[in-house]
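Chains as they are written, first to last, in our numbering: chain X, 1 to 324; chain V, 1 to 324.
Below, the structure is given as structure tokens:
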């Protein structure tokens, strides 16, 4: 089965799903956010994981959509917390409607995600919900750590990796695990799928951090250097502060961090030059590749034919090589 | 079994439940809000409903707590939306911490409610979750209607009753239905429990509306007249505007509604006098009693001994007769 077939099935399901009728303020924002595009990576992972073991991958489409709805619920609420004006180039829900609508519509969206999960077989349902609950709580924990880090000056590399594991990777792990559970693939297989997902998830986030600094402005889609301008504590910044400790580079980096007024382009250029001097890009790429390798090794260990795993490997490689 | 025994079991369960460890900003607000007291009406309804049919009501305690956690999640988020400074006489979560904490801690609280629901038997679990999902979505719908009504001038009595049904009553209905489901009481019985809960729930809200205007300040606990001061579109106000239409009372009522500056006590007194002139208190009490009677008739129809239903009838009568 090709990636396009899976994607088509997911998009058809999204287009035909009604979340509720009225009041419109509650349900329109859900359809709005779900229609803004995105790669649909999470639901793709779920259906692909199912298809590794069984031909009837279609039975995964609804629960896969539950994972996507959950992901978009976190975006709706995170955007309020981060006061983000734009999401995928369009106004965020709290900007287009208002903050109360974004809170309440997000709440009902989380409920909708649970409702989509009811599409799995009765015999696995409770286990799926327990795993979904754990994952959902961890995603919230990750977001809270991320917010806490913004006002802390002692964030370690390990804390950062743990934060992105919680905030973004465990949901990729769960998406894959869910696909395995629906296929009744057994405990070892679902664990390997989960580990594969969390490892490549951490790799993807490190890739995001790298692209933000070194991405090609023509291809990146967002402003290159956004994290630098906002002093976002990415892996690159934390590493630079650590290995540069006591050097002229650290002093310069701190000066840029504390600068109240600055030319954005100049700051991005200067910080990038400091990263270059400290070899941060290579170190970040090594770290990222270590997670990708670990993830791909998990997938390798999975007891299934290379042919069956092919679409998932393909998608992973696309995501590893993406430039935006 | 007496009410006190049920209440004790619920409070013991609350005291021993850990929602999560860290980050503390995420989990402390949950314990804080859960510790602020309240009547624990919803979990009581669940365990009492179970005990109508089976002796082993203890198996309902955890899922009953799930209903209470869900209820408190809605309070945490509603308080943000309503910009409420106090809840049960203590600072609200968004006041004590901040708005982002209240959003995210509320989100994880909803997840905790789902986790507590996993305590029910596998064979009823999916049905319980579907009913819980429906109820949760309706509660959000009710809150959105309530917010919409604040800026509308054409809210009808039926719309108001439907709003309070969604915002507060369906959760009481679900709490009771859940108790019946856990006891495997059968479809007819769980439907009667649900109907009983939604009917008395609407009655309770009408009681709140009446107490806000006519409560004894010594016993009420909150400021009497709060709804009048805020022009809250309660059943009493909507009814007064409708039956007073075209009279001097309507003109006076509208003047108070549109008044920008006023003495609070004077406004409360004046509006109460208008209600008196239009006989609103009696009409509201008739309406309220009709819902109580309907609810109690549902409970009457329930195929169980009077002795078994006694604690539930007792609690209901206490709540019907409460003065705060």
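Cβ coordinates follow ideal geometry from the N, Cα and C atoms, glycine included.
Think of a sphere of 8 Å around the beta carbon of residue 71 (chain X): no beta carbon from chain V falls inside it, the nearest being about 13 Å out. Of all residues in the region 36–57 of chain X, none comes within less than 7 Å of chain V when Cβ atoms are compared.
If you check each beta-carbon in the region 120–148 of chain V against every beta-carbon of chain X, the ones closer than 7 Å belong to 122, 125, 126, 129, 130, 133, 136, 137, 140, 141, 143, 144, 145, 147 and 148. For the region 80–99 of chain X, the set of positions with a beta-carbon nearer than 7 Å to some beta-carbon of chain V reads 80 and 81 in chain order.
For the set V:230, V:34, V:194 and V:277, the Cα lying nearest the Cα of residue 265 (chain V) is the one of V:230.
Beta bridge pairing from DSSP links residue 91 (chain X) with X:86.
Under the DSSP assignment, residue 5 (chain X) falls in the alpha helix (DSSP H) whose first and last residues are 3–16.
Residue-level contact check: residue 159 (chain V) does not touch chain X, since none of the beta carbons of chain X fall below 8 Å from its beta carbon. Going by DSSP, residue 54 (chain X) is part of no alpha helix (DSSP H) at all; its letter is neither H nor E. In chain order, 137 and 141 make up the part of chain V whose C-beta sits under 8 Å from the C-beta of residue 20 (chain X).
Taking 8 Å as the threshold, the shortest C-beta distance from residue 111 (chain V) to chain X falls below it. Taken atom to atom, the span from the alpha-carbon of residue 207 (chain X) to that of residue 296 (chain X) is near 16 Å. For residue 278 (chain V), there is no enclosing alpha helix (DSSP H), as DSSP marks it with neither H nor E. Residue burial is scored here from C-beta neighbours: residue 151 (chain X) has fewer than 16 other C-beta atoms within 10 angstroms and is therefore classed as exposed.
Residues of chain X with a Cβ closer than 7 Å to the Cβ of residue 26 (chain V) are, in chain order, 140, 141 and 144.
For residue 208 (chain X), the enclosing alpha helix (DSSP H) begins and ends at 187–214. By the CB criterion at 8 Å, residue 13 (chain V) and residue 62 (chain V) fall inside the cutoff. Secondary structure at residue 23 (chain V): coil, using DSSP grouped into helix, strand and coil. Identification of residues in the region 186–219 of chain V having a C-beta nearer than 9 Å to some C-beta of chain X yields an empty set. Taking each of V:323, V:67, V:82 and V:29 in turn and checking the Cα distance to residue 218 (chain V), the smallest one comes out for V:323.
Under the Cβ distance rule, residue 314 (chain V) does not count among the residues neighbouring chain X, no pair being separated by less than 8 Å. The beta-carbon of residue 107 (chain X) is placed less than 8 Å from the nearest beta-carbon of chain V. When the five nearest sequence neighbours on each side are left out, the beta carbons in the same chain lying within less than 6 Å of the beta carbon of residue 160 (chain V) are those of 235 and 238, in order along the chain.
For residue 178 (chain X), the CB contacts under 7 Å within the same chain, skipping 5 residues up- and downstream, are 46, 63, 67 and 128 in chain order. Taking a beta-carbon distance threshold of 8 Å, residue 32 (chain V) does not count as an interface residue toward chain X. Where residue 113 (chain X) is concerned, the enclosing alpha helix (DSSP H) starts and stops at 99–117. Rounded to the nearest angstrom, the gap between the Cα atoms of residue 249 (chain X) and residue 82 (chain X) is 30 Å.
Residue environment analysis places residue 85 (chain X) among the exposed positions, since fewer than 16 neighbouring C-beta atoms fall within 10 angstroms of its C-beta.
In terms of Cβ geometry, residue 240 (chain V) and residue 253 (chain V) form a close pair [threshold 8 Å].
For residue 115 (chain V), the residues of chain X that pass the 9 Å Cβ criterion are 129, 130, 133, 134 and 137, in the order they occur in the chain. In this structure, residue 118 (chain V) keeps its C-beta atom at 8 Å or more from the C-beta atom of residue 171 (chain V).
The shortest C-alpha to C-alpha distance from residue 51 (chain X) to any of X:222, X:23 and X:2 is the one to X:2. Close to residue 151 (chain X), with beta-carbon spacing below 7 Å, lies no residue of chain V; the smallest spacing is near 11 Å. Looking at the backbone, the Cα of residue 35 (chain V) and that of residue 73 (chain V) are separated by about 13 Å. Within 10 angstroms of the beta-carbon of residue 212 (chain X) lie 16 or more other beta-carbons, which makes it buried. Residues of chain V whose Cβ lies closer than 7 Å to the Cβ of residue 23 (chain X) are, in chain order, 141, 144, 145 and 148.
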